[in-house]
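First the structure, in the form of structure tokens, and then the observations on it.
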Amino acid sequence: MPGPPRFSTRRFLTRRFSLGLFARPSRQVASAAVAIAVATLMLFAHSQWQAYDLSLTRAERDTRNAAYLLAEHAARTFDGIHETLRAVARLRADAAKGIYRSQASLHVNLKTLRGGSQILRDVGWYDAYGELVATSRTLDPPRISVAREETFLGPRAQATQALHVSPPRRASAEAPWRIDVSLRLEGPDGAFAGIAAGTLDPGEFARVYRSLDMGPGGRTTLYRHDGIVLARAPHLAPPLAASGADSALFREHLPRAPFGTYHAPAPFDGTEEIASYAVAPGVGQGLMVSVGVSRAHALADFWRRLWIDTALTAVVLAVLALGTGLLVTNLRRRERLQAELAGATAAANAARAEAERANSAKSVFLAHMSHELRTPLNAVIGFGQMLELDLPRNLTDGQREYAGLIVDSGHHLLDLVNDVLDLAGVESGRLSLSMEEVPIRELLLGVSDIMAPIAAKAEVSLRVAPVTTTAAVRADAVRLRQVVINLVSNAIKYNRPGGSVTLSAVPRGDGCLRLGVEDTGQGIEPERQAELFVPFRRLGAEYTSVEGTGLGLALTRRFVEAMGGSIGFTSTLGEGSLFWIELPTALPVRGTPWKTGSAAPADDLGRRAFANGL
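Numbering (my numbering), first residue to last: 159 to 772.
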């Protein structure tokens with residue numbers, strides 16, 4: 159038993175097209191607008207995601223670099239303190255040997271050692287019972303015992319002479335914070351003999367941290383190996399000596415690597431932050447610096463730009479929706495008119511006169527629409543040129559390139575509209591001609607000058623055969639030049655690289671002058687030659703890369719016939735074609751220059767002819 163029919167996308171689309179669901183211009187325009195809107199939103203989302211990722215990457219990079227730098231600073235600072243305390247240990251050993259016989263000399267040497275460090279407040283040493291023996295602070299040391307404090311108990315329990323850093327402390331709520339550092343002292347037999355001690359100012363670290371300026375949401379913390387806070391900037395709650403051992407930094411990240419970057423709540427206030435950490439090298443006690451920045455502050459610029467870009471994108475989409483709505487409304491109105499016209503034509507299909515009248519009515523309608531069609535196109539081109547100039551210099555190179563594409567496309571569409579309206583004007587009898595005497599030699603040379611750059615770009619040689627007559631023809635100068643330019647542009651476009659185009663003028667015995675344009679192109683297939691002068695027929699060129707609309711030859715024929723002339727051609731497939739026009743001659747002229755008055759610019763005619771093709 160056969161199964162259910164399989165779904166076929168090709169069959170589905172074929173049926174939809176056969177039903178006309180996608181064939182209507184209004185549906186095509188609406189679909190194109192939806193596609194443009196979707197593409198715009200996708201590009202917008204992609205660009206904003208890139209900006210978001212860039213903001214996070216920049217914050218990670220800044221915190222990482224700061225963490226490495228401050229870890230090096232901590233290592234150098236505490237290595238220097240270690241060396242100072244080792245010097246105190248040597249001073250104590252010299253004193254034990256009797257080298258220094260007075261307390262004053264010891265005090266002077268201790269002051270000298272303390273002065274070699276900007277961060278030490280005082281240095282000295284304590285005996286094996288924790289009693290103060292000598293200090294750089296006073297000449298006569300007071301009776302002070304640290305026997306029960308970590309600064310004494312830590313080194314006594316150590317087996318090495320590594321630097322011990324005690325948690326910050328202060329004598330009262332108003333007193334400044336201090337950090338005690340100490341070093342184990344040993345006697346000649348290796349037994350514990352006391353400690354060399356010093357006091358640090360944690361504010362010196364805070365001043366260094368503030369100098370990096372990580373922004374309003376930045377915070378820098380110096381930790382001891384067990385999570386005790388030694389220094390912070392800015393001064394935030396809780397105070398120094400708090401423990402961050404339960405934070406994600408010490409529980410998850412630090413055990414995996416001695417440095418890294420992570421996103422997590424801040425250890426003490428829970429603020430979402432982007433942080434980097436690095437263990438200070440060379441310090442035996444194990445110090446670590448963490449630099450974090452608030453995620454909200456890191457993304458502040460991104461969110462501000464997002465709101466602005468969202469507003470601009472919304473405006474663009476609103477303009478697109480409005481323009482599409484107006485265009486679809488007009489197209490649907492036109493479709494209804496076309497449907498009504500088609501129905502009327504089908505009902506009166508037997509009456510050919512009625513069909514011709516309907517076609518004439520359409521041409522008259524298009525002719526009357528010249529202002530309504532050209533005005534918005536000129537506005538589009540004008541605003542596109544303003545964007546292309548970019549006088550405020552607010553656009554990127556890509557945006558200026560897009561503005562250039564808008565201008566080029568607008569020109570192309572305006573040329574097509576002009577040609578359609580010209581064709582409609584001819585068909586409706588509204589074409590206005592200014593007949594005058596046009597000297598042939600000046601005409602051909604002028605057209606050659608106009609089309610020479612286009613021929614050179616196409617690698618086609620363009621020449622004018624010697625003109626032996628000084629006769630002029632009776633024609634409209636502007637339309638005749640447009641006719642010749644159309645023929646020459648076709649001869650160039652459908653030629654081959656290295657080919658040639660020849661312009662000639664030959665008198666006829668019947669009072670006419672024949673103008674010829676001969677090319678060495680591919681020629682025209684005999685079975686398609688009957689379609690040559692039919693509007694919008696390009697004889698297969700629409701499937702090639704050669705641009706065109708198929709209006710050039712149709713307009714050319716109508717212009718020539720309107721001026722009382724005739725047009726024809728001969729073509730050999732694979733060898734080339736010869737197009738000719740015959741016009742009645744006027745009286746001979748003697749070097750009179752050809753003035754076009756208010757005619758369209760020559761380069762504009764050449765561009766239009768080259769864009770229209772057959």
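The beta carbon of each residue, even a glycine, is placed where N, CA and C say it ideally should be. Note that the structure is a prediction, hence the values are computed from the model and not measured.
Tryptophan 738 beta carbon less than 7 Å from that of glycine 681: no
Terminal residues of the alpha helix (DSSP H) in which isoleucine 650 lies: 635-651
Cross-strand partners of valine 631 (DSSP beta bridge): Val596 and Thr743
Supposed contact pair isoleucine 337 and leucine 358 - C-beta distance, whole angstroms, cut 8 Å: 4 Å
Contact the stretch 631-643 vs the stretch 590-609: 3+ CB pairs below 8 Å: yes
Bounding residues of the beta strand (DSSP E) (the contiguous stretch that carries tyrosine 381): 376-381
Identity of the residues DSSP links to proline 665 by a beta bridge: Leu671
Leucine 228 versus Trp207, Ile277 and Leu380, residue with shortest Cα-Cα distance: Leu380
Residue range of the beta strand (DSSP E) that includes histidine 421: 417-423
Cα-Cα separation, threonine 750 to leucine 671: Reliability fails at threonine 750, whose pLDDT of 38 lies under 50, so the model's placement of it is uncertain and no value is given.
Straight-line Cα distance separating aspartate 280 from threonine 378: 26 Å
Extent of the continuous alpha helix (DSSP H) run through methionine 200: 183-254
Straight-line gap, serine 176 to leucine 484 (C-alpha atoms, nearest Å): A caution first: serine 176 carries a pLDDT of 47, below 50, which makes its placement in the model too unreliable to give a value.
CA nearest to the CA of isoleucine 239, picked from Ala203, Leu278 and Thr270: Leu278
Cβ-based neighbour list, leucine 249, same chain, cut-off 6 Å, excluding 5 preceding and 5 following: Asn267
Residues near leucine 457 by beta carbon distance below 6 Å, same chain, minus five either side: Ser213
Sequence-distant residues of its chain with Cβ nearer than 7 Å to glutamine 319 (five each side left out): Leu341 and Arg342
Segment contact flag, the stretch 247-264 with the stretch 367-374, C-beta cutoff 8 Å, min 3 pairs: no
Host beta strand (DSSP E) of tryptophan 461 (start-end): From DSSP, tryptophan 461 is part of no beta strand (DSSP E) but of the alpha helix (DSSP H) over 458-505.
Helix, strand or coil at valine 622 according to DSSP, with G and I counted as helix: strand
Asparagine 488 versus asparagine 536: straight-line alpha-carbon distance, rounded: 19 Å
Between the CA atoms of glycine 556 and glutamate 733 - distance to the nearest angstrom: 44 Å
Residues near valine 664 in its chain [Cβ-Cβ closer than 8 Å; skip 5 each side]: Leu671, Arg672 and Gly674
Where the beta strand (DSSP E) containing valine 266 begins and where it ends: Run containing valine 266: none in the beta strand (DSSP E); it sits in the alpha helix (DSSP H), 261-273.
At least 3 beta-carbon pairs within less than 8 Å: the stretch 416-424 vs the stretch 204-213: no
Same chain, Cβ closer than 6 Å to histidine 411, five either side skipped, listed in chain order: Gly418 and Tyr420
Beta bridge counterpart(s) of tryptophan 774 as assigned by DSSP: A query on residue 774 cannot be resolved here, the shown segment of the chain reaching from 159 to 772 and no further.
Reduced DSSP secondary structure (H/G/I, E/B, other) of valine 449: strand
Own chain, CB closer than 7 Å to leucine 470, minus 5 neighbours either side, in chain order: none
Cβ-Cβ distance between serine 275 and threonine 309 below 7 Å: no
Alpha-carbon spacing of alanine 364 relative to leucine 394, whole angstroms: 12 Å
Beta-carbon proximity of serine 434 to arginine 222, cut-off 7 Å: yes
Distance between beta carbons of valine 618 and asparagine 653, contact taken as under 8 Å: 5 Å
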